[in-house]
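Listed in order, the protein sequences are those of chains A and B. If you read the first sequence in our numbering, its first letter stands for residue 3, the second for the next number, and so on. If you read the second sequence in our numbering, its first letter stands for residue 3, the second for the next number, and so on. The beta carbon of each residue, even a glycine, is placed where N, CA and C say it ideally should be. From a predicted model like this one, the values you see are computed outputs, not experimental measurements.
There are 2 protein chains.
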Amino acid sequence: MDIHIEDVARSTGVSTATVSRALRNLPGVGEETKKRVLDTAQALGYNPSPTASSLASGRTHSIGLVQPDMSRWFFGKILESSERTLREAGYDALVYSLPDYLGPVRQRFDPTVLKGKVDGIIVLSLFFDPEEERQLRSLGVPVVFVSVQQPGFDFVGIDDEETAARACRHLITMGHKHIGHLSGQTNDKCPVAPTQRRRVGWLNTLRRFRLESAPELDEAVTIMTASNGYLATQRLLARRPDITAILSSSDEMAMGAMQAIHEMGLTVGRDISIIGIDGHDLSPAFGLTTMAQPVSQEGICAAKLVLNHIEHPAQPRTEVYPTTLAEHRSVGPAPRP
Amino acid sequence: MDIHIEDVARSTGVSTATVSRALRNLPGVGEETKKRVLDTAQALGYNPSPTASSLASGRTHSIGLVQPDMSRWFFGKILESSERTLREAGYDALVYSLPDYLGPVRQRFDPTVLKGKVDGIIVLSLFFDPEEERQLRSLGVPVVFVSVQQPGFDFVGIDDEETAARACRHLITMGHKHIGHLSGQTNDKCPVAPTQRRRVGWLNTLRRFRLESAPELDEAVTIMTASNGYLATQRLLARRPDITAILSSSDEMAMGAMQAIHEMGLTVGRDISIIGIDGHDLSPAFGLTTMAQPVSQEGICAAKLVLNHIEHPAQPRTEVYPTTLAEHRSVGPAPRP
DNA sequence: CTGAAAGCGCTTACAG
DNA sequence: CTGAAAGCGCTTACAG
């Protein structure tokens, strides 16, 4: 009952080779022949079998999207824009979530599960150890890393250190002297996570302005969720009640921090100021001032890079996007002592 | 350089048929033979070509996940739990985002893009018109609908009307008499969206308690985002300043509503109470009281249903999950006039 | 329990 | 510009 390429060939009175070429708009088919093939295919409602054409051509027209957790805003946002870009180009998006991606020990990822299934890969916020990297390369398809830079591969992201530094300067400009920091932890596989670079940006800025930069001003969580930010803020403020401003390495953590501050009977933006990083869609509703990154653009860029490398192999490229201060009510002037 | 089934067969001294059977643990292979095949395959590092096996078997071991927008919390959460369930069962997740999924006219979706690519489909929050449904059925694979029920198909979701009714009763219990509603619009393809059922639950409850239920207490938005909730709330409260409580058809809208209330100089939970529906991960941080649905469980259930139908075709099933009131600070007693 | 062989439905040198 | 035919790498009746 299904229409196959042979049916189209017979109906048109040509060979399957010609049908195949005409349908894919390859050169070497007469204009008139091509038109007849297209019309017949249309009339019969012919859809080429994707598996058959993959097996024969060696191309799957799928891109693998490897990431930690789709339910987190940042990943969902990137996936969304990447997927649309891929689809417009005729590619499918195969998503893979990694288990236990954070914490001190991350589970090993075996890229072999992608073998033969994708023509390219986009990896979000993950750093691969040498063994994983070896297996990844053995797949023989282009790979683009987003957020976390893997040496020797394409990268799309922001300047984490500079972004955190600007966030910190904003707090300093508002008169704050005791500025805490909420950071994430690294794990065995990822020694240079964005959260560490952001921490450096915060620390260096404090030093440059000759403000206190004691380790106890920094509080690290495992996964940068709102609830972990909430708990971390309680610990931080219990330890250092003199803190008047907090720089959070992520917006979601910052949102949890705002809750903690509120529950302490303090007012965010008056008693304690807080600034996040990411530009979460809900930050305006939260009133959270943040350093926004152009997340959708990064997702589109990653998709374009990987597609481009499929057609034209090239040297790894690095695309760094600018971040912008999005002011809301969570940052105010430092309170008078 | 790649290892193929023939290499394994030759090395083991058996036929490719035996290798194929042994590797898939099919009956009819001697224990000892099977072990030798497995060892050889392991030693050679053999990975069967997924495209070849798909073409030969007619099974893709992929499930299509069709949804409006991965960057929205609810969809990301469902996708995340579905994907993990599918992967554990050895299936890949192919995601598709629909353009223009809301608003008065939704773009038509042609399920044919999934033809030959998936063994089953999960559809989130979408209702298909007769033509789309026809094309969907012609794919010949099981389909599970989540959130929006499509007659004749599997369904996983909640009792929207009852959930909204309980949310409304909670407000009434707190003494509120003038209760507004934030709802979403339907479109040409979806006459019975959850948002409409929730609206009915709100309306019927008001009537049952003989409270005012004028149309002007309801404000509808196109897409139920925080920013639309923000604007809708401004309109609603400008029109009816006597409202003391709002039931929002989604948490994200409710978050925007809280921002609007705050900016009017009012305090959420004191001057105006608000309750949402969904159980958004950020609702505790927001202090938003909500009727929580077990989103991850729903995603897991959808995956299990579709996998089950692949093996055992069966009558459509309907799985309705309970919702629970999650109290935070956005709902308080009605203020004395 | 095992194997030879056809077949899944395309694509792609190769020849003309 | 077009076609005959091999080939992509598996799976699956069928026969023994």
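Point to revise | Bridge partners - Met293(A), DSSP secondary structure assignment | key: Met293(A) is bridged by DSSP to Ile279(A) and Leu327(A).
Check your understanding: Nearest to Glu218(A) by alpha carbon, out of Met226(A), His183(A), Pro196(A) and Leu233(A)?
Key -> The residue with the shortest Cα to Cα distance from Glu218(A) is His183(A).
**Study point:** Any chain B beta carbon closer than 8 Å to Lys79(A)
**Key:** With its beta carbon less than 8 Å from one in chain B, Lys79(A) belongs to the interface.
Check your understanding: Val39(A) and Ala24(A) look like a contact to me (Cβ under 8 Å); what is the Cβ gap, rounded to whole Å?
Key -> About 4 Å separates the two Cβ atoms, so the contact holds.
Exercise for review: Show which residues of chain A have a CB atom less than 8 Å away from the CB atom of Arg86(B).
Suggested key: Per Cβ cutoff of 8 Å: Ser99 and Pro101.
Practice item. On the DSSP bridge assignment, give the partners of Ala222(B) in chain order. Key: Bridge partners of Ala222(B): Ser185(B).
Check your understanding: Considering only the beta carbon of each residue, do Ala316(B) and Ile124(B) sit closer than 8 Å?
Key -> Not closer than 8 Å, so no.
Review point. So, does the CB of Asn230(B) fall closer than 8 Å to a CB anywhere in chain A?
Key: Look at Asn230(B): its C-beta is not under 8 Å from any C-beta on chain A.
Check your understanding: Mind listing which residues of the segment 259-289 of chain A have their C-beta closer than 8 Å to chain B's C-betas, in chain order?
Key -> Cβ contacts with chain B: Met260, Gln261, His264, Asp283, Leu284, Pro286, Ala287, Phe288 and Gly289.
Point to revise | DSSP-derived helix/strand/coil call for Phe1(A) | key: Because chain A in this structure spans residues 3 to 339, residue 1(A) falls outside the shown range and cannot be described.
Point to revise | C-alpha distance - Phe130(A) paired with Phe147(A), whole-angstrom precision | key: Rounded to whole angstroms, Phe130(A) to Phe147(A) spans 10 Å at the Cα level.
Practice item. Report the three-state DSSP secondary structure of Gln151(B) (helix, strand or coil). Key: Reduced to three states, the DSSP call for Gln151(B) is coil.
Check your understanding: Any C-beta of chain B sitting closer than 8 Å to the C-beta of Lys306(A)?
Key -> Output row for Lys306(A): interface = no.
Check your understanding: List, in order along the chain, the chain B residues whose C-beta lies closer than 7 Å to that of Gly122(A)?
Key -> Under the 7 Å cutoff, chain B gives no residues; its nearest Cβ is about 15 Å from Gly122(A).
Check your understanding: Roughly how many whole angstroms lie between the Cα atoms of Asp112(A) and Gln137(A)?
Key -> Asp112(A) and Gln137(A): Cα-Cα distance of roughly 7 Å.
Review point. Does the beta carbon of Leu40(B) sit closer than 8 Å to a beta carbon anywhere in chain A?
Key: Chain A contact via Cβ: absent.
Practice item. Taking 8 Å as the cut-off, decide whether the C-beta atoms of Ile276(A) and Arg200(A) are in contact. Key: Not in contact: Ile276(A) and Arg200(A) (Cβ atoms no closer than 8 Å).
Exercise for review: Just tell me which of Ala11(B), Pro337(B) and Leu57(B) has its CA closest to the CA of Lys37(B).
Suggested key: When only C-alpha atoms are compared, the closest one is Ala11(B).
**Study point:** With 16 other Cβ atoms within 10 Å as the buried cut-off, status of Val202(B)
**Key:** The residue is exposed, with fewer than 16 neighbouring Cβ atoms inside 10 Å.
Point to revise | Alpha-carbon spacing of Ile174(B) relative to Val270(B), whole angstroms | key: Approximately 16 Å, taken between the alpha carbons.
**Study point:** Limits of the unbroken beta strand (DSSP E) element including Asp94(B)
**Key:** Looking at the DSSP string, the run of the beta strand (DSSP E) that includes Asp94(B) is Asp94 to Ser99.
Point to revise | Identity of the residue in Leu213(A), Ser250(A) and Arg242(A) nearest Leu228(A) by Cα | key: Reading the sequence as shown, one finds Ala at residue 228(A) and not Leu. For Ala228(A), the nearest C-alpha among the options comes from Ser250(A).
Review point. Could one say the Cβ of Asp71(B) lies closer than 8 Å to chain A's Cβ atoms, at least one of them?
Key: Taking a beta-carbon distance threshold of 8 Å, Asp71(B) counts as an interface residue toward chain A.
Check your understanding: Considering only the beta carbon of each residue, do Gly231(B) and Glu265(B) sit closer than 8 Å?
Key -> It is not a contact, given that the beta carbons lie outside the stated cut-off.
Check your understanding: Nearest chain B C-beta to Lys36(A) closer than 8 Å, yes or no?
Key -> In terms of beta-carbon proximity, Lys36(A) stays away from the interface with chain B, with every pair separated by 8 Å or more.
Point to revise | Where Leu96(B) meets chain A, residues with beta-carbon distance less than 9 Å | key: At a C-beta separation below 9 Å, Leu96(B) has these neighbours in chain A: Ser64, Asp94, Ala95, Leu96 and Val97.
**Study point:** Local Cβ density within 10 Å of Thr197(A), reported as buried at 16 or more and exposed below that
**Key:** By the 10 Å Cβ count, Thr197(A) comes out buried.
**Study point:** Beta-carbon spacing of Leu141(A), Ile80(A) below 8 Å
**Key:** Taking 8 Å as the Cβ cut-off, Leu141(A) and Ile80(A) do not qualify as a contacting pair.
Exercise for review: Pull up the distance between the alpha-carbon of Glu214(B) and that of Pro339(B), whole angstroms please.
Suggested key: CA-CA distance, Glu214(B) to Pro339(B), rounds to 17 Å.
Exercise for review: State yes or no: is the beta carbon of Glu82(A) nearer than 8 Å to at least one beta carbon in chain B?
Suggested key: At a cut-off of 8 Å between beta-carbon atoms, Glu82(A) makes contact with chain B.
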